[in-house]
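**Student:** For reference, the structure I am asking about is given below.
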Amino acid sequence: MQHNAIKNILIIAAVAFLALIFSACSPNHLVYNQEQSASLGFNVDENSVLENPAQDQIRVYAARTNFFGTLVSYDFNVNYSPKLQDSELVNFKDFDDKLGAMKFPNKFSKDLNIEEGKPLALVASTTDFGQYSFLYFTPTKGKIYCVKGNVIFGAIVGRPNLSFITKEECEELFSE
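According to the numbering used here, the sequence shown is numbered sequentially starting from 1.
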């Protein structure tokens, strides 16, 4: 009886360990269709800590705020004409412009010239380890897009994680 209990505990521990490993390897590759993309951008009024871009550009605000993975920094790039490979992957080595380096703590913004109706990809990658994350979406001229970056557990090394945040979250983050 005791042997079965130990065996069951070992099986549960092995399954939990494998779940952790496989979740650490899961990609953060977010692809937004045009309808979803329309809800990502926003504008602000004159009382905001953020500023709207010129009507023929977009402005990307980016911030890395968490302490975890402080030693892992990563490049934050843009690809103006990304091509999805294998249905939902973007080549992280193929980019057109560097937006900045995501280190802890770090906040920055950059205006981008875009073609209306064409998708772009914001890509974060650790060049030394080939770990990457991307946001593939179709931006609208004259809008702000706010991205929060952090580092999440990886099987061997921490990896970048990007996500869009709301206008309210962005204003709070950039007012600190």
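Even for Gly, the Cβ is constructed at its ideal location relative to N, Cα and C. What you are looking at is a predicted structure, and each value in this text was computed from that prediction instead of being measured.
Between which two residues does the alpha helix (DSSP H) holding GLN34 run?
**Tutor:** 34-38 is the span of the alpha helix (DSSP H), which, as asked, contains GLN34.
**Student:** For PHE174, report the span of its alpha helix (DSSP H) as first-last.
**Tutor:** PHE174 -> alpha helix (DSSP H) spans 167-175.
**Student:** Less than 7 Å between C-beta atoms, sequence neighbours within five positions excluded: which residues of the same chain meet that for SER175?
**Tutor:** Once the five neighbours on either side are set aside, the close Cβ partners of SER175 are VAL49.
**Student:** I'd like the span of the beta strand (DSSP E) that includes ALA62, first residue to last.
**Tutor:** Its beta strand (DSSP E) spans residues 57-64.
**Student:** Would you check whether the ligand NAP has a heavy atom nearer than 7 Å to the C-beta of HIS29?
**Tutor:** Judged by which ligands are present, the structure shown has none, so any question about the ligand NAP falls away.
**Student:** Verify whether the separation of the beta carbon atoms of ILE58 and TYR136 is less than 8 Å.
**Tutor:** In this structure, TYR136 does not lie closer than 8 Å to ILE58 by Cβ.
**Student:** By alpha-carbon positions, which one of PHE95, GLU171, PRO53 and ASN52 ends up nearest to LYS83?
**Tutor:** Here the closest residue by C-alpha is PHE95.
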